[in-house]
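Okay, structure first, notes after.
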Amino acid sequence: MWKPVLRRTATSLAALTGVVVLVFFMIHAIPGDPVDNLLGEQVQAADKEAFRRRLHLDEGLGSQFARYVGHIADGTLGRSYQDPSVTVSARIGEVLPHTLQLAVCAMLFALLVAIPLGVIAALRHRTWADTTAMMLAVTGVSLPAVWIGPLLIYLFTVKLPWLPPPGALGQDWRALVLPSITLGLALSAMLARMTRGQLVRVLGEDYIRTARAKGLSTFRVVVVHGLRNALIPVATVAGMQFGALLSGAVIVEKIYARPGLGTLLLRAITQRDYPVVQGTVLVVAVLVVVVTQLTDLLYAAIDPRLRGGART
Amino acid sequence: MTLSGRLGAWLMGAFLFLAVAGPALAPHDPTRLDLTATFAPPSWEHPMGTDENGADVLSAVLTGARVGFGISLLTVFCGLLVGGLLGAVAGTFGGLADLLLMRLVDVVFSFPGLLLNLFVLSLVKSPSVGHLIFALVITSWAGFARVARGQALEIRGREFVVAARALGASPARILFTHIIPNILPPLVVQASFSFAAYLLVEAGLSFLGLAPTLVSWGQLIAQGSRYLLVAPHLAIFPGLCLGLCVLGANLLGDHVRDAWDRRANPSG
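The listed protein sequences correspond, in order, to chains X and D. Okay, so the first sequence: first residue is 538 according to my numbering, each after it adds one. Okay, so the second sequence: first residue is 186 according to my numbering, each after it adds one.
Written out as structure tokens, the structure reads:
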């Protein structure tokens with residue numbers, strides 16, 4: 538079982554190397570001078586020169602790349618142009634927990650909605666209940682977060698003041714409800730479709746017929762025998778969609794005025810703070826690769842059939 | 186045709202029509218300001234109300250129809266062309282090019298899509314439509330490449346391809362007359378879903394203020410959501426149009442996929 542694991546790890550490492558190189562060269566392929574972008578064009582040439590030297594932008598591409606890789610290796614990810622006293626990794630460390638909290642809650646919401654919806658649709662396959670559930674799902678995938686977010690705010694903090702308005706943070710768990718729904722909605726719809734498809738497939742298999750023939754209760758057949766197998770691919774897809782949650786978080790954090798990676802990234806983009814932009818993009822890409830890799834390994838660990846297949 | 190497939194086709198047809206004819210149908214000039222009638226709720230005169238400057242929202246929605254639609258369509262088309270071709274070549278001929286291409290696809294997939302779009306857009310000072318489409322194509326081609334490669338890998342082992350090769354057909358002939366026509370249907374399905382997805386991405390980027398300033402539905406939602414408390418209709422109507430358009434593309438994609446699956450495995 539180790540060979541495919543090593544293979545996957547090698548592929549992931551290759552992808553990460555690609556990410557590191559791509560992020561560096563894209564920033565350096567920009568037409569125009571980052572110093573002009575930062576200081577504006579009216580600044581004196583001597584000041585520009587000094588600034589450039591301070592940011593090491595006067596060095597060759599090779600030595601800049603070496604410096605950049607060095608910053609990745611020592612874990613600082615460089616220093617912010619705006620405030621050189623803080624390392625980029627410290628800035629990211631401050632806000633990362635907020636984004637992870639949001640992503641995890643959105644994932645939980647998605648699973649809590651998707652699994653029951655998918656199970657109902659599968660058990661009532663090709664009836665009105667199935668059609669309704671699947672129409673709900675395709676609608677959920679189609680609703681823009683930029684629209685549903687403000688609408689939820691309007692409904693549940695203004696019209697019906699049940700939840701705290703955006704910007705509220707701290708210990709209040711209720712502040713997480715609307716952002717999690719906004720972020721998790723599309724994923725929940727996607728997973729519901731997946732759950733339905735998988736469960737319909739599994740319920741048609743021989744061992745389910747055997748379980749029914751043994752006289753087991755429908756609940757036992759569906760949940761213990763059916764759902765357990767049907768959910769393995771669903772869990773995998775959920776893991777693979779982690780990246781989509783992180784990019785969705787950029788929008789959701791903006792809608793709800795929450796601190797997080799997205800807010801940090803957007804501010805860095807408007808301030809042309811390239812080390813922060815670079816660092817944030819890099820950290821997110823690393824997170825995605827790691828979660829995908831873990832999902833893959835988990836998949837092999839849960840499903841013995843795959844392990845058997847992988848060994849040959 | 187199933188009911189949902191028909192609904193999807195109707196919706197897409199309607200929005201295609203709006204994208205082409207939208208500006209001509211607009212009852213008012215969307216840039217004409219009327220400061221005596223700001224934030225007017227929906228009425229017969231202004232079916233979607235008026236905005237903070239008293240401009241007609243319906244006219245803005247009709248004028249903006251082609252913007253998001255066009256951007257998304259171009260993104261998908263360029264992605265299909267680049268990714269489809271590269272993927273087909275990689276899958277048909279294999280070798281080092283295949284290996285490198287697939288690693289590049291892995292790299293693109295390591296970024297959450299929107300983040301890579303954002304990153305590319307952030308590199309230019311004031312992005313134009315060209316920049317926006319370029320930033321979107323950077324992510325859109327990879328999905329097509331993956332699908333095309335997988336399909337080509339499967340097709341190249343089929344008898345008719347082997348026979349063509351045995352008859353001495355050139356690699357280009359095999360690629361263009363035997364492989365590509367046979368991998369098109371799954372690519373069309375991918376294009377349909379991709380179109381829906383990039384409509385949402387365009388709206389997201391507009392909302393974040395990173396897309397060029399144009400009257401698109403995304404921009405209208407972004408502007409409208411600032412006045413949510415006084416005039417929720419400003420955000421509701423453009424959002425509804427966007428949602429319906431995305432829904433149409435998704436339903437149509439589902440339908441084409443199911444139809445293709447049935448043809449590919451008649452027993453299933």
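Quick reminder that beta carbons are idealized off the backbone N, C-alpha and C, glycines included.
(message) Report the CB separation of X:M563 from D:F319 in whole angstroms; it is logged as a contact under 8 Å.
(response) In this structure X:M563 does not touch D:F319 by the C-beta definition: roughly 12 Å separates them, more than the 8 Å allowed.
(request) Note down, in chain order, every chain D residue with its Cβ under 7 Å from the Cβ of X:W684. (result) What X:W684 touches in chain D: I406, A420, G424, L427, G428.
(request) With DSSP as the reference, label X:R663 as helix, strand or coil. (result) DSSP places X:R663 in coil when its eight states are reduced to three.
(request) Mark X:A726 as exposed unless 16 or more other C-beta atoms lie within 10 angstroms of its C-beta, in which case mark it buried. (result) Buried, by the Cβ-count rule.
(request) Could you say which of X:E742, X:A805, X:Y836 lies nearest to X:L768 if we only look at CA atoms? (result) Comparing Cα-Cα distances from X:L768 to each of X:E742, X:A805, X:Y836, the minimum goes to X:Y836.
(request) Return the first residue and the last residue of the alpha helix (DSSP H) that X:Q735 is part of. (result) Element bounds for X:Q735: 714-740.
(message) Quick check on the DSSP output: the alpha helix (DSSP H) that includes D:Q336 runs from which residue to which?
(response) 314-340 is the span of the alpha helix (DSSP H), which, as asked, contains D:Q336.
(request) Output the distance between the C-alpha atoms of D:L390 and X:L801, rounded to the nearest integer angstrom. (result) Between the alpha carbons of D:L390 and X:L801 lies a gap of roughly 16 Å.
(message) If you measure between the beta carbons of X:A658 and X:A643, is that distance less than 8 Å?
(response) No, the pair does not count as a contact, with Cβ atoms beyond the cut-off.
(request) Excluding the 5 residues preceding and the 5 following D:V441 in the sequence, name in chain order all residues of the same chain whose CB lies nearer than 7 Å to its CB. (result) Within the same chain, D:V441 has close Cβ partners V373, V374, S377.
(request) Look at the Cβ atom of D:L196, then the Cβ atom of D:G428, and state whether they are nearer than 8 Å. (result) Annotated as distal: D:L196 and D:G428, with beta-carbon spacing of 8 Å or more.
(message) Taking its Cβ as the centre, do 16 or more other Cβ atoms sit within 10 Å of X:E790, making it buried, or is it exposed?
(response) That one is buried.
(message) I'd like the ranges of any alpha helix (DSSP H) spanning at least 4 consecutive residues and lying wholly in the segment 616-660 of chain X.
(response) Here the runs fully enclosed are 625-660.
(message) Considering only DSSP beta bridges, list what D:D241 is partnered with.
(response) DSSP lists D:T235 as the beta-bridge partner residues of D:D241.
(request) Determine whether the Cβ of X:K641 lies closer than 8 Å to any Cβ atom of chain D. (result) Correcting the residue type first, residue 641 of chain X is Val in the shown sequence and not Lys. Not an interface residue.
(message) Tell me which residues share the same chain as D:P370 and place their Cβ nearer than 6 Å to its Cβ, disregarding the 5 neighbours each side in the sequence.
(response) Sequence-distant Cβ neighbours of D:P370 in its own chain, meaning closer than 6 Å and more than five residues away, are W445.
(request) Return helix, strand or coil for D:M197, following the three-state DSSP convention. (result) DSSP places D:M197 in helix when its eight states are reduced to three.
(request) Evaluate contact between the segment 322-333 of chain D and the segment 278-293 of chain D, counting only Cβ atoms and requiring at least three cross-stretch pairs below 8 Å. (result) By the Cβ criterion, the segment 322-333 of chain D is in contact with the segment 278-293 of chain D, since at least three pairs of Cβ atoms, one from each stretch, lie closer than 8 Å.
(request) Compare the Cα-Cα distances from X:E742 to each of X:G763, X:K585, X:L654, X:A786 and report the closest residue. (result) Checked all of X:G763, X:K585, X:L654, X:A786; the closest Cα to X:E742 is X:G763.
(request) Would you grab the beta carbon distance between D:L200 and D:C430 for me? Rounded to a whole angstrom, and I think it's under 8 Å. (result) Residue 200 of chain D is actually Phe in this sequence, not Leu. The Cβ separation is near 5 Å, so the contact holds.
(message) By alpha-carbon positions, which one of X:T807, X:T719, X:I629, X:G816 ends up nearest to X:G785?
(response) Of the candidates X:T807, X:T719, X:I629, X:G816, the one whose C-alpha sits nearest the C-alpha of X:G785 is X:T719.
(request) Quick one: which residues of the segment 761-775 of chain X get their C-beta closer than 8 Å to a C-beta of chain D? List them in chain order. (result) Within the segment 761-775 of chain X, no residue places its CB atom closer than 8 Å to a CB of chain D.
(request) Please list the segments of the alpha helix (DSSP H) lying wholly inside the segment 358-407 of chain D, counting only runs of 4 or more residues, in order along the chain. (result) Counting whole runs of 4 or more residues, the segment 358-407 of chain D contains the alpha helix (DSSP H) stretches 365-392.
(request) Could you pull out every residue in the same chain whose Cβ sits closer than 6 Å to the Cβ of D:D219, ignoring the five residues on either side in sequence? (result) Cβ within range, chain order: G239.
(request) Return the Cβ separation of X:V572 and X:F561 in integer angstroms, given the expectation that the two are a contact with Cβ distance under 8 Å. (result) Contact check for X:V572 and X:F561: beta-carbon distance about 18 Å, past the 8 Å limit, so the pair fails to qualify.
(request) Using the Cα positions of X:A794 and D:V322, report the straight-line distance between them to the nearest angstrom. (result) C-alpha separation (whole angstroms): 29 Å.
(request) Using a Cβ-Cβ cut-off of 8 Å, state whether X:P681 counts as contacting chain D. (result) Yes, X:P681 lies at the interface with chain D (some Cβ there is under 8 Å from its Cβ).
(message) Can you pull the chain D neighbours of X:G780, defined as C-beta to C-beta under 9 Å?
(response) Those within 9 Å of X:G780 in chain D are F294, S295, F296, P297, G298, L300.
(request) State buried or exposed for D:M186, treating a residue as buried only when at least 16 other CB atoms are found within 10 Å of its CB. (result) Exposed is the call here.
(message) What does the Cβ neighbour count give for D:E339, buried or exposed, with the cut at 16 atoms within 10 Å?
(response) D:E339 comes out exposed.
(request) With DSSP collapsed to three states, give me the class of X:R589. (result) In this structure, X:R589 counts as helix in the three-state DSSP scheme.
(message) For a cutoff of 8 Å on Cβ pairs, would you count X:T624 as touching chain D?
(response) Chain D, which has no Cβ nearer than 8 Å to the Cβ of X:T624, makes this no.
(message) Looking only at its chain, what residues have a beta carbon closer than 6 Å to the beta carbon of X:V821, apart from the 5 residues adjacent to it on each side?
(response) When the five nearest sequence neighbours on each side are left out, the beta carbons in the same chain lying within less than 6 Å of the beta carbon of X:V821 are those of L783, in order along the chain.
(message) Taking 8 Å as the threshold (C-beta atoms), are X:G607 and D:P297 in contact?
(response) Not in contact: D:P297 and X:G607 (Cβ atoms no closer than 8 Å).
(request) Take D:A250 as the anchor and find which of D:V415, D:A211, D:G234 has the nearest alpha-carbon. (result) Ranking the options by Cα distance to D:A250, first place goes to D:A211.
(message) Does the segment 810-817 of chain X come into contact with the segment 542-558 of chain X, if we say contact requires no fewer than three beta-carbon pairs (one atom in each stretch) closer than 8 Å?
(response) No: the two stretches stay apart, fewer than three of their Cβ pairs being nearer than 8 Å.
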